[in-house]
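Heads up, the thing below is written out as structure tokens.
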Amino acid sequence: MPVWIILVLLGATASVLGFTGLGSLLIWVGAAVLGSGLVLAVVSRRRAHRAGPSRAPATAEPARTATTWQRRASRLGWTAVGLGTLALGLLAGAAWLLATARPPLVSQASQPALDVVMAVLPVELDLGTPRPAVLLGIGLALAALLVAVGALQAANALRVLSTRRRVEPFYAHTSAVGRRVLGPAAMRSLELDVTPPWPASALPLEHPAVVRCTVLLPAHDEAAIIGASIDSLLSQTRPADRILVVADNCTDDTVAIASARGVEVIETVGNTQAKAGALNQALAMLLPGGAVEDVYLIMDADSTITPDFLEVALGLLESDPELMAVGGLFSGEDGAGVLGQLQRNEFTRYQRVIGRREGHLFVLTGTASVFRGYALATVAQARQSLIPGHPGGVYDTLAMTEDNEITLALKSLGATMTSPPQCRVTTEVMPTWRDLRKQRLRWQRGALENVGAYGLTRTTAIYWVQQLGLAYGAVALHSYLALMAIGILSVNGLRWSPFWVAIGLVFLAERVVTAWGAGWRGRGVAVVIVFELAYSVFLQWAFATALAHIVTRRRKGWNDVPRPAVAVAALAAPVAAALGAVLGAQWNPISAETMQSSWVEALAIFVGVNTLIFATLSVFQMLPPIVKTAHDRRARRAASRPA
Numbered sequence: 001m002p003v004w005i006i007l008v009l010l011g012a013t014a015s016v017l018g019f020t021g022l023g024s025l026l027i028w029v030g031a032a033v034l035g036s037g038l039v040l041a042v043v044s045r046r047r048a049h050r051a052g053p054s055r056a057p058a059t060a061e062p063a064r065t066a067t068t069w070q071r072r073a074s075r076l077g078w079t080a081v082g083l084g085t086l087a088l089g090l091l092a093g094a095a096w097l098l099a100t101a102r103p104p105l106v107s108q109a110s111q112p113a114l115d116v117v118m119a120v121l122p123v124e125l126d127l128g129t130p131r132p133a134v135l136l137g138i139g140l141a142l143a144a145l146l147v148a149v150g151a152l153q154a155a156n157a158l159r160v161l162s163t164r165r166r167v168e169p170f171y172a173h174t175s176a177v178g179r180r181v182l183g184p185a186a187m188r189s190l191e192l193d194v195t196p197p198w199p200a201s202a203l204p205l206e207h208p209a210v211v212r213c214t215v216l217l218p219a220h221d222e223a224a225i226i227g228a229s230i231d232s233l234l235s236q237t238r239p240a241d242r243i244l245v246v247a248d249n250c251t252d253d254t255v256a257i258a259s260a261r262g263v264e265v266i267e268t269v270g271n272t273q274a275k276a277g278a279l280n281q282a283l284a285m286l287l288p289g290g291a292v293e294d295v296y297l298i299m300d301a302d303s304t305i306t307p308d309f310l311e312v313a314l315g316l317l318e319s320d321p322e323l324m325a326v327g328g329l330f331s332g333e334d335g336a337g338v339l340g341q342l343q344r345n346e347f348t349r350y351q352r353v354i355g356r357r358e359g360h361l362f363v364l365t366g367t368a369s370v371f372r373g374y375a376l377a378t379v380a381q382a383r384q385s386l387i388p389g390h391p392g393g394v395y396d397t398l399a400m401t402e403d404n405e406i407t408l409a410l411k412s413l414g415a416t417m418t419s420p421p422q423c424r425v426t427t428e429v430m431p432t433w434r435d436l437r438k439q440r441l442r443w444q445r446g447a448l449e450n451v452g453a454y455g456l457t458r459t460t461a462i463y464w465v466q467q468l469g470l471a472y473g474a475v476a477l478h479s480y481l482a483l484m485a486i487g488i489l490s491v492n493g494l495r496w497s498p499f500w501v502a503i504g505l506v507f508l509a510e511r512v513v514t515a516w517g518a519g520w521r522g523r524g525v526a527v528v529i530v531f532e533l534a535y536s537v538f539l540q541w542a543f544a545t546a547l548a549h550i551v552t553r554r555r556k557g558w559n560d561v562p563r564p565a566v567a568v569a570a571l572a573a574p575v576a577a578a579l580g581a582v583l584g585a586q587w588n589p590i591s592a593e594t595m596q597s598s599w600v601e602a603l604a605i606f607v608g609v610n611t612l613i614f615a616t617l618s619v620f621q622m623l624p625p626i627v628k629t630a631h632d633r634r635a636r637r638a639a640s641r642p643a
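Written out as structure tokens, the structure reads:
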């Protein structure tokens with residue numbers, strides 16, 4: 001049964017029940033669901049009308065037209081409108097329910113005098129049984145939030161597709177073929193795993209597979225740091241076969257410094273597409289004459305790698321022919337004060353996550369990753385037919401984050417990849433809040449645009465979930481801050497709840513444990529939870545701003561950080577938060593009766609539930625990974641068995 005029919009039936013049923021006297025809220029909810037069903041019905045009819053009375057056979061791909069991308073963008077537009085309408089309906093229902101809910105009955109004897117009202121920190125929540133009306137209002141508001149985020153994601157994809165990307169829709173059988181291009185199933189599909197009936201004397205002798213590594217070092221005015229990057233390459237325990245610096249419109253001494261260290265240097269010609277364009281020019285010269293054994297380390301000129309990076313990465317590629325890429329795990333360089341340490345803590349936590357996932361990565365970092373040559377050539381050939389991008393280009397020049405996009409491209413083609421803990425990269429950290437904001441806006445916007453360009457597929461599902469999780473986490477944290485602010489500004493005294501303080505200590509322990517690998521400085525910054533809280537708020541604002549920039553079609557740009565730079569205002573946000581807590585206890589611009597309203601009660605329950613959920617997740621983050629622990633135990637049992 002189509003989804004729109006289910007929505008229409010549910011909406012009509014809820015509306016009828018509401019008119020029979022079960023509550024006016026059901027009328028609002030039913031109308032919202034009914035309207036959403038009708039919108040989806042219109043969209044379905046328009047799609048059926050455009051598709052025509054008959055469909056092409058499954059074995060023959062339908063003829064593509066120049067307006068296919070317009071139809072895809074139109075469907076996304078209708079989806080965004082439908083989800084937005086549903087979100088507004090759910091939000092209106094939640095507002096109506098909370099506005100009409102009766103306040104809790106409090107006896108005069110138990111009600112405190114207004115001149116001695118106290119706020120409970122860190123969460124103002126009574127552990128008693130909440131009212132059903134408030135719980136239902138919270139549920140509707142949360143549903144409205146999730147649907148609204150979905151509408152924004154659809155609008156994001158619409159903006160990405162309707163401006164520049166003429167991406168044809170992927171048909172079911174085409175998408176299935178794409179996932180087998182670089183995956184293990186390719187050999188089975190092509191019957192390459194079938195042994196021919198040759199005599200034993202005709203079989204070649206076994207010999208170890210040896211790869212040939214070429215390093216590509218794109219650089220734009222990196223005279224201050226490129227020398228250290230090249231030195232880290234020259235000091236590898238397994239040297240690269242060739243080091244090639246790709247000088248992109250350099251106006252400083254980058255070319256001279258690289259040439260003085262004895263590496264090859266090529267300069268781009270007329271490149272206006274930043275790092276992706278420079279790499280495409282270099283790979284266009286190298287890939288056509290490459291062999292199966294050719295691999296490429298693509299590394300940022302402002303990064304350095306550990307001495308055994310290539311030995312580990314190339315060894316993995318030689319031992320596993322199905323492995324298409326090996327990514328590094330990045331950490332931050334020293335310096336930049338508290339702000340720099342917060343970034344190093346963040347990178348340390350990412351390394352810990354990848355380690356717990358046994359090397360299964362989210363992104364092949366652009367700081368340093370090794371690719372098989374024929375995998376990159378396959379990406380270039382699959383552009384526009386199986387994956388987004390200009391035909392013939394390895395990197396998508398429209399993507400702001402080319403490392404994230406090439407990861408999606410390879411995964412969409414079925415490639416396997418890993419990030420071993422031994423492959424470490426040291427890269428720059430942003431020295432000021434302003435530089436960090438530019439960097440994270442580019443990262444977040446690039447990730448959002450990439451998932452919008454690829455759409456919702458088996459490969460991108462986890463990335464869509466990550467974006468939804470970021471949005472939910474932002475709302476949860478800001479809801480907590482709003483509840484605390486209301487409590488501080490509406491009363492003239494503070495007291496602490498032992499239960500919620502204990503829950504807060506769980507978050508503090510998780511911050512310290514997950515940053516343990518960053519050393520004593522990292523642990524010291526993590527202990528001061530105000531620093532971590534301010535940093536999280538900053539990153540969430542960057543996410544929200546990036547989403548707004550996409551929807552409003554704001555012009556995007558690249559951020560270049562001058563060296564050296566001085567960190568300023570690193571403590572501005574934590575100091576402001578601390579001063580606000582102190583001054584708020586003496587200044588009460590909000591009435592004390594506000595704490596008894598249904599709105600604050602609903603906010604307190606929402607914050608309390610979220611706090612318990614995230615506290616549970618924090619406990620799991622501190623525990624050993626279940627899957628990895630099980631694998632280790634099986635490996636130890638297998639090793640202990642007699643041969």
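Residue numbers (the UniProt record's numbering): 1 to 643.
Heads up, the beta-carbon is just placed ideally off N, CA and C, and yes, glycines get one too.
Residues Val451, Tyr454 of the same chain have their beta carbon placed closer than 6 Å to that of Thr460, with the five preceding and five following residues left out of the count. For Val265, DSSP records a beta bridge to Val245. Counting of Cβ neighbours within 10 angstroms places Ser235 among the exposed residues, the total staying below 16. No Cβ-Cβ contact shorter than 7 Å links Leu489 with Arg424. Residue state for Leu297 is assigned as strand, using DSSP reduced to three classes. Within the segment 473 to 540, the complete alpha helix (DSSP H) segments at least 4 residues long are 498 to 514, 519 to 527, listed from N- to C-terminus. Per DSSP, the beta-bridge partners of Ser331 are Thr426.
Proximity of the segment 212 to 225 to the segment 270 to 289 meets the contact definition, three or more beta-carbon pairs being nearer than 8 Å. In terms of Cβ geometry, Thr416 and Met324 form a close pair [threshold 7 Å].
In its chain, beyond the 5 residues on either side, Gly389, Glu405 have a beta carbon closer than 6 Å to the beta carbon of Asp396. By the CB criterion at 7 Å, Gly504 and Pro420 fall outside the cutoff. Contact between Thr348 and Ala485 fails: their C-beta atoms lie close to 31 Å from each other, not under 8 Å. With a 10 Å radius around the Cβ and a threshold of 16 neighbouring Cβ atoms, Gly332 comes out buried. Residues Cys250, Thr251, Asp252, Thr254 of the same chain have their beta carbon placed closer than 7 Å to that of Asp221, with the five preceding and five following residues left out of the count. Pairing Ile257 with Ile226 gives a Cβ-Cβ distance under 7 Å.
Beta-bridge analysis with DSSP links Ser412 to no other residue. Ranked by Cα distance from Val263, the options Pro321, Ser618, Arg242, Arg437 are led by Arg242. In the DSSP assignment, Leu216 falls outside any alpha helix (DSSP H) and lies within the beta strand (DSSP E) extending over 212 to 219. Trp496 counts as exposed, since fewer than 16 other beta carbons sit within 10 angstroms of its beta carbon. The residues Ser235, Gln236, Thr237, in chain order, have a CB closer than 7 Å to that of Pro307 in the same chain once the five nearest residues on each side in sequence are set aside.
Ile305 is positioned such that its CB atom lies closer than 7 Å to that of Ala368. Contact between the segment 363 to 378 and the segment 288 to 304 is present: 3 or more CB-CB pairs across the two stretches fall below 8 Å. Beta-bridge pairing by DSSP links Val370 to Leu297, Val326. For Asp231, the enclosing alpha helix (DSSP H) begins and ends at 226 to 234. Between the segment 428 to 446 and the segment 332 to 343, the count of C-beta pairs closer than 8 Å reaches three or more; the two stretches touch. Here Thr378 is not near Gly327, since their CB atoms are 7 Å or more apart. In the same chain as Phe507, and ignoring 5 residues on each side of it, the C-beta atoms closer than 8 Å to its own belong to Ile529, Phe614, Ala615, Ser618, in chain order. Per the coordinates, the alpha-carbon of Ala375 lies some 19 Å from the alpha-carbon of Ala399. The beta carbon of Gln384 sits closer than 6 Å to the beta carbons of Pro391 from its chain, once the five residues preceding and following it are set aside; these are given in chain order. Ser232 is classed as buried because its beta carbon has at least 16 other beta carbons within 10 Å across all chains shown. Taking the CA atoms as reference points, Ala291 sits about 16 Å from Leu314. Ala247 sits away from Glu402, with the two beta carbons spaced by 7 Å or more. The alpha-carbon of Leu410 is positioned some 38 Å away from that of Leu612.
With a 10 Å radius around the Cβ and a threshold of 16 neighbouring Cβ atoms, Thr514 comes out buried. Phe620 sits exposed, since fewer than 16 C-beta atoms from the chains shown fall within 10 Å of its C-beta.
Check the Cα spacing between Gln439 and each of Pro321, Ala534, Trp541, Leu483: the tightest is with Trp541.
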